[in-house]
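Contents: one structure, followed by commentary.
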């Protein structure tokens, strides 16, 4: 399984912090979020890592330089990182050639959640939080019959329950191919100021 970590974004809601460092370099217990990601991936023996970088990219490279030898790691630069996050995934589209785990780089999580996602028998899986407060900014997953039927911040769908997507999902190689085509269509038609979840909505 390949892993794509999306770490290019600016983090517009925390400018006092993210003007100086990428959001994924915020520390918890003296360890950055991106280092926590890599530590958890190593425990799961996931070694093929693609990191999409953009905003303050050299700072990210510097922090994880000591971890590179533990992984088959590749950087991809999102040159348009001030636009929608869909472009981060679009720049990495040619890496969508295998079963793939896609992760936002700026998430604090318990490694047990990642283990549950990776080891799930379902080929396509999302992690979500049912116990969330809806401020209107959360990317919501609408679930019916144990399947995600819609992904949106503002739209609503007839469903059994709603959860906040935490930015981790697993896709089969076949669906990665479909997602790649969707990403290319978004870029071709100029829909580049949207989130990558908009492409996932088309997929589901």
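In this note's numbering, the protein residues as written are 2 to 205. Every residue, glycine too, gets a C-beta built ideally from N, C-alpha and C. Because the structure is a prediction, the values reported are computed rather than measured.
(message) Within 8 angstroms, do at least three Cβ pairs link the region 61-75 to the region 131-142?
(response) Verdict: no, contact absent.
(request) Kindly indicate which three-state DSSP category residue 116 falls into: helix, strand or coil? (result) Here residue 116 refers to the residue found at position 115 of the chain shown. Here DSSP, grouped into helix, strand and coil, assigns residue 116 to helix.
(request) State the Cα-Cα distance for the pair residue 197 and residue 85, rounded to the nearest angstrom. (result) Indexing the chain shown from 1 puts residue 197 at position 196. Indexing the chain shown from 1 puts residue 85 at position 84. Residue 197 and residue 85: Cα-Cα distance of roughly 8 angstroms.
(message) Less than 8 angstroms between the beta carbons of residue 165 and residue 129, yes or no?
(response) Against the chain shown, residue 165 aligns to sequence position 164. Against the chain shown, residue 129 aligns to sequence position 128. Contact flag set, yes.
(request) Specify the secondary structure class of residue 99 as computed by DSSP and reduced to three states. (result) Translated into the one-based positions of the chain shown, residue 99 becomes position 98. The answer is coil: DSSP assigns residue 99 none of H, G, I, E or B.
(request) Would you list, in sequence order, the uninterrupted alpha helix (DSSP H) runs of no fewer than 4 residues that lie entirely inside the region 31-77? (result) Secondary structure remark: continuous alpha helix (DSSP H) runs of at least 4 residues inside the region 31-77, in chain order: 34-44, 58-65.
(request) Taking residue 177 as part of the alpha helix (DSSP H), name the residues at either end of that continuous run. (result) For this step, residue 177 is matched to residue 176 along the chain shown. That run of the alpha helix (DSSP H) goes 174-189.
(request) Pull up the CB-CB distance for residue 1 and residue 33, whole angstroms please, since I reckon it's below 8 angstroms. (result) With the chain running from 2 to 205 in the structure shown, residue 1 is simply not present.
(message) Please identify the residue among 185, 97, 203 whose C-alpha is closest to the C-alpha of residue 4.
(response) The residue given as residue 4 occupies position 3 in the chain shown. Taking the Cα of residue 4 as reference, the smallest distance to any Cα among 185, 97, 203 is reached at 97.
(request) Assign residue 193 to buried or exposed, taking buried as 16 or more other Cβ atoms, counted over all protein chains shown, within 10 Å of its Cβ. (result) For the purposes of this step, residue 193 is identified with residue 192 of the chain shown, where counting begins at 1. Per the 10 Å Cβ criterion, exposed.
(message) What does the Cβ neighbour count give for residue 146, buried or exposed, with the cut at 16 atoms within 10 Å?
(response) Residue numbering aside, residue 146 sits at position 145 when the chain shown is read from its first letter. Exposed, by the Cβ-count rule.
(message) Taking the straight line between their C-alpha atoms, what separation do you get for residue 23 and residue 109?
(response) The residue you call residue 23 lines up with position 22 of the chain shown. The residue you call residue 109 lines up with position 108 of the chain shown. Between the C-alpha atoms of residue 23 and residue 109 there is a straight-line separation of about 14 angstroms.
(message) Less than 8 angstroms between the beta carbons of residue 1 and residue 99, yes or no?
(response) In the structure displayed, the chain extends from 2 to 205; residue 1 sits before or after that span and is not available.
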